[in-house]
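Quick note, the sequences are listed as chains P and A, same order.
With the first letter of the first sequence counted as 1, position 36 gets the number 36 in our numbering; the numbers rise by one all the way through.
For our numbering, count along the second sequence from 1 and bump the result up by 1000.
To start, the structure under review is shown below, and the notes come after it.
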Amino acid sequence: DAKTTQPTSMDCAEGRAANLPCNHSTISGNEYVYWYRQIHSQGPQYIIHGLKNNETNEMASLIITEDRKSSTLILPHATLRDTAVYYCIVLSNFGNEKLTFGTGTRLTIIP
Amino acid sequence: DAGVIQSPRHEVTEMGQEVTLRCKPISGHNSLFWYRQTMMRGLELLIYFNNNVPIDDSGMPEDRFSAKMPNASFSTLKIQPSEPRDSAVYFCASSPLQVQPQHFGDGTRLSIL
């Protein structure tokens, strides 16, 4: 019962913006969109999250559509170190809710 | 700031042996989570604690698995006896109480021969 759908894989040229889409058409009003990534041999790393407004931090930007049914994670200037599996997760902001990692998008940055 | 610290990073042992994985959460975080990651099943939540108390252990696969959190700065995940199908990467994560996001350690890669 997947709450999100993401492309299986994507490539992006080094230095370009990487745009990773996520569909979450059944998102409810109190649910946030979270993005994590997992670099090979490391634990998942939190990137960013948002409710309905666009968000930006030092790592990335998150664009959420007005109807909140989809979002896009943007890495503005991708580097080789951004090669990882990126997970889009929908959940409420309370810690008791389980983080459910789907299959994510394998992003490969091409030199 | 130190992140979540897990030990050992790698463990190789023979089936039937007891295995103990250790985790030190980020100071001040009151929620702690144990996950397991395999190629077949992806990342699965095994158990989590709030204020050192186990809240949900429905993900623990069998009675061979047990987890404890004797204090706010330490948790263990024990497998006894271990079996080859327990081979996986085990992650520990912590977060402020009842609040996302979770911060993950670098995991323990466990191989049971």
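Don't be surprised by glycine CBs; every beta carbon is placed ideally from N, CA and C.
Minimum Cβ-Cβ distance from L1021 of chain A to chain P less than 9 angstroms: no
Pick from A:I1112, A:D1106, A:L1043 and A:L1113 that is closest to A1002 of chain A, judged by C-alpha positions: It is A:D1106.
Beta-carbon proximity list for E1044 of chain A, same chain, < 7 angstroms, skipping 5 on both sides: Result list for E1044 of chain A: Y1035, R1036 and G1059, in chain order.
Nearest-angstrom Cβ-Cβ length linking Y87 of chain P and P44 of chain P, presumed shorter than 8 angstroms: 7 angstroms
Closer than 9 angstroms at the beta carbon, the chain P residues around L1077 of chain A: Correct list: empty, because the minimum Cβ distance to chain P is about 15 angstroms.
Cross-chain neighbours of H1103 of chain A in chain P, by beta carbon under 7 angstroms: Y46
Whole-Å CB distance - D1086 of chain A paired with L1113 of chain A, under 8 angstroms assumed: Not a contact, Cβ separation roughly 11 angstroms.
Min CB distance F1065 of chain A to chain P below 9 angstroms: no
Per-residue burial, T1025 of chain A [other beta carbons within 10 Å of its own, 16 or more giving buried]: Note on identity: in this sequence residue 1025 of chain A is Pro, with Thr being the wrong assignment. Classification for P1025 of chain A: buried.
Closest by C-alpha distance to Y34 of chain P, when choosing among P:N57, P:G50, P:G102 and P:Q42: P:G50
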